[in-house]
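For the sequence shown, the working numbering gives the first residue as 1426, with consecutive numbering after it.
Where is the CB? At the ideal position from N, CA and C, for every residue including glycine.
From a predicted model like this one, the values you see are computed outputs, not experimental measurements.
See below for the structure under consideration.
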Amino acid sequence: MPPLRRRGLLAGLALAPVSPRLLRAQPSGATGPVSLPDTAEWALRSRRGAEYRIMIGRPPGDPPAGGWPVLYLLDGNAVFATAFHAMRSQSARTIATGVLPALVVGIGYPTEGMLDPRRRALDYTPALPPRGPDAPPAPDAFPAPGPTGGADAFLDFIAETLRPAVAAAHATDPHRQALFGHSYGGLLVLHALFTRPGDFRDHLAISPSLWFGDGAVLAEERRFAERPVPAGPPDGLGLFMAVGGEEQTLPPAQRQAPDAAARAALLGRRAMVEGARAMAGRLAARPGLRTEFVEAAGENHASVVPTVLSRALRFALAPAG
């Protein structure tokens, strides 16, 4: 078993640091932060020495005969609590909601912040071919907060270290594993589908950064389209894609800013809505690939995540048949 350090039940999953002023304002009866039942936190290292904060939530009761389905969440610091609550509340009445009980595994970083921009930029982006000294600049060159191109090493960590550790600690169904990611995380989910289609059954890509690397993931999609979809699990591979309907336009509050024109042009070049809609349409025609696409009207790049999360759960955790 890979190296694993248990931290016991979560003493509250802090989604943002608490200020000393707020701590001083607590009543005398305060006993600590809010805790989530049936959860645990691990510190787990990859074979390359990178440390990850792993958050695991389990359903009540005994696992089914085939083991629990597993939902792996990228940006676990930010989305674990919301996803775990959604699974618990909806799976309590599967007959009404269409959501089975499942293990929820958040893959985060050892920080109290919601995101670690530098590490996620590395972990969630594919390696790009080198650009020659005479190559023109990419049409949407984006100054990432740190190095990029570590997607395959990160997927190796999930496959070689994290998944065996989860399976050793809990009864899991190896045929019902799903990966959820947003933005750069959505890009990573698509990279996994196109280059490692046997790693997960369901791929939940929210607002994927299709523009990264001058659309490098589109070349991966074309190569994926040239091969038959692997037989995989009994229900076949699945792709759930979603995007906020307002992701290509500036919000009203920003339209009078000095750089509004440049930012609007950037959004137009990235074409988040049009690109996701077009890719989902192409992939819907692939035999052997279950697909669903949601364009969430009125939602932006941040608000789309909690808006579509329950739809993603119904897609990945629906009862068989």
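Within its chain, find whatever has a CB closer than 8 Å to the CB of Gly1571; leave out the 5 residues flanking it on each side and keep chain order.
What you label residue 1571 is simply residue 146 of the sequence shown in a count that begins at 1. Hits under 8 Å: Pro1542, Arg1543, Arg1544, Ala1546, Leu1547.
When the distance is taken between beta carbons, is Ala1455 closer than 8 Å to Pro1494?
As a first step, residue 1494 must be located in the sequence shown, where it is residue number 69. As a first step, residue 1455 must be located in the sequence shown, where it is residue number 30. In this structure, Ala1455 does not lie closer than 8 Å to Pro1494 by Cβ.
When we look at the beta-carbon of Arg1648 and count the other beta-carbons within 10 Å, is it buried (16 or more) or exposed?
If you number the sequence shown from 1, residue 1648 lands on position 223. Exposed: under 16 other Cβ atoms inside 10 Å.
Assuming Arg1470 is part of the beta strand (DSSP E), what are its boundary residues?
On the sequence shown, residue 1470 is found 45 positions in, with the first residue counted as 1. 1464-1470 is the extent of the beta strand (DSSP E) around Arg1470.
Integer-rounded CB distance, given that Thr1674 should sit under 8 Å from Leu1691
For the purposes of this step, residue 1691 is taken as the residue at position 266 of the sequence shown. For the purposes of this step, residue 1674 is taken as the residue at position 249 of the sequence shown. Cβ atoms of Leu1691 and Thr1674 stay farther apart than 8 Å, at about 12 Å.
Uninterrupted beta strand (DSSP E) stretches inside the stretch 1613-1662 (no shorter than 3 residues)
Listed in chain order, they are 1627-1631.
Residues that DSSP places opposite Gly1531 in a beta bridge
Translated into positions along the sequence shown, residue 1531 becomes position 106. Per the DSSP secondary-structure output, Gly1531 pairs in a beta bridge with Met1480, Leu1498.
Going by CA-CA distance only, name the one from Gly1610, Asp1660, Ile1481 that's closest to Ala1745.
Taking the first residue of the sequence shown as position 1, residue 1745 is located at position 320. Ranking Gly1610, Asp1660, Ile1481 by CA distance to the CA of Ala1745 puts Asp1660 first.
Can you tell me whether Thr1522 is helix, strand or coil according to DSSP?
Along the sequence shown, read from residue 1 onward, the residue named residue 1522 stands at position 97. It is helical.
The beta strand (DSSP E) enclosing Arg1544, as first and last residue numbers:
Taking the first residue of the sequence shown as 1, we reach residue 1544 at position 119. Under the DSSP assignment, Arg1544 falls outside any beta strand (DSSP E), being part of the alpha helix (DSSP H) whose first and last residues are 1542-1548.
Beta-bridge pairing of Phe1665 - partner residues as DSSP gives them:
As a first step, residue 1665 is located in the sequence shown; it is residue number 240 there, counting from the start. Beta-bridge annotation (DSSP): Phe1665 is paired with Leu1629, Glu1717.
To the nearest angstrom, report how far apart Asp1624 and Ala1741 are at their CA atoms.
Counting from 1 along the sequence shown, the entry for residue 1624 is found at position 199. Counting from 1 along the sequence shown, the entry for residue 1741 is found at position 316. Spanning the alpha carbons of Asp1624 and Ala1741 requires a straight line of approximately 14 Å.
Boundaries of the beta strand (DSSP E) in which Arg1601 is found, first to last residue:
Taking the first residue of the sequence shown as position 1, residue 1601 is located at position 176. Looking at the DSSP string, the run of the beta strand (DSSP E) that includes Arg1601 is 1597-1607.
Contact defined as beta carbons within less than 8 Å: I believe His1628 pairs with Gly1663. What is the distance between those atoms, to the nearest angstrom?
The residue given as residue 1628 occupies position 203 in the sequence shown. The residue given as residue 1663 occupies position 238 in the sequence shown. Contact check for His1628 and Gly1663: beta-carbon distance about 7 Å, within the 8 Å limit, so the pair qualifies.
How about Met1512: is its Cβ closer than 7 Å to a heavy atom in the ligand PLP?
This structure lacks the ligand PLP; in fact it carries no ligand of any kind.
Measuring CB atoms only, is the stretch 1665-1674 touching the stretch 1727-1737, in the sense that at least three cross pairs come out at less than 8 Å?
Contact between the stretch 1665-1674 and the stretch 1727-1737 is present: three or more C-beta pairs spanning the two stretches fall below 8 Å.
Enumerate in chain order the residues of its own chain whose CB-to-CB distance from Glu1717 is below 7 Å, with the five nearest sequence positions on each side excluded.
The sequence position of residue 1717 within the sequence shown is 292, counting from 1. The beta carbon of Glu1717 sits closer than 7 Å to the beta carbons of Phe1665, Phe1740 from its chain, once the five residues preceding and following it are set aside; these are given in chain order.
Trp1467 versus Ile1479, Arg1695, Leu1461, Arg1694, residue with shortest Cα-Cα distance
As a first step, residue 1467 is located in the sequence shown; it is residue number 42 there, counting from the start. Residue Ile1479 holds the alpha-carbon nearest to the alpha-carbon of Trp1467 among Ile1479, Arg1695, Leu1461, Arg1694.
For Asp1598, count neighbouring C-beta atoms within 10 Å of its own C-beta (all shown protein chains included) and say buried if the count is 16 or more, exposed if not.
Within the sequence shown, residue 1598 is the residue found at index 173, counting from 1. Asp1598 comes out buried.
Alpha carbon to alpha carbon, how far is Ala1508 from Ala1522? Give it in angstroms, no decimals.
Stepping through the sequence shown from its first residue, residue 1522 is reached at position 97. Stepping through the sequence shown from its first residue, residue 1508 is reached at position 83. This sequence places Thr at residue 1522; Ala is not what is there. Going from the Cα of Thr1522 to the Cα of Ala1508 covers about 15 Å.
Thinking Phe1505 and Leu1498 are a contact (beta carbons under 8 Å), I'd like their distance in whole angstroms, please.
Taking the first residue of the sequence shown as 1, we reach residue 1505 at position 80. Taking the first residue of the sequence shown as 1, we reach residue 1498 at position 73. Rounded, the Cβ-Cβ distance is 6 Å, consistent with contact.
With 16 other Cβ atoms within 10 Å as the buried cut-off, status of Ser1634
Taking the sequence shown and counting its residues from 1, the one referred to as residue 1634 is at position 209. Flag for Ser1634 reads buried.
Identify the continuous alpha helix (DSSP H) that holds Pro1731 and give its terminal residues.
Translated into positions along the sequence shown, residue 1731 becomes position 306. In the DSSP annotation of this structure, the continuous segment of the alpha helix (DSSP H) that includes Pro1731 starts and ends at 1729-1741.
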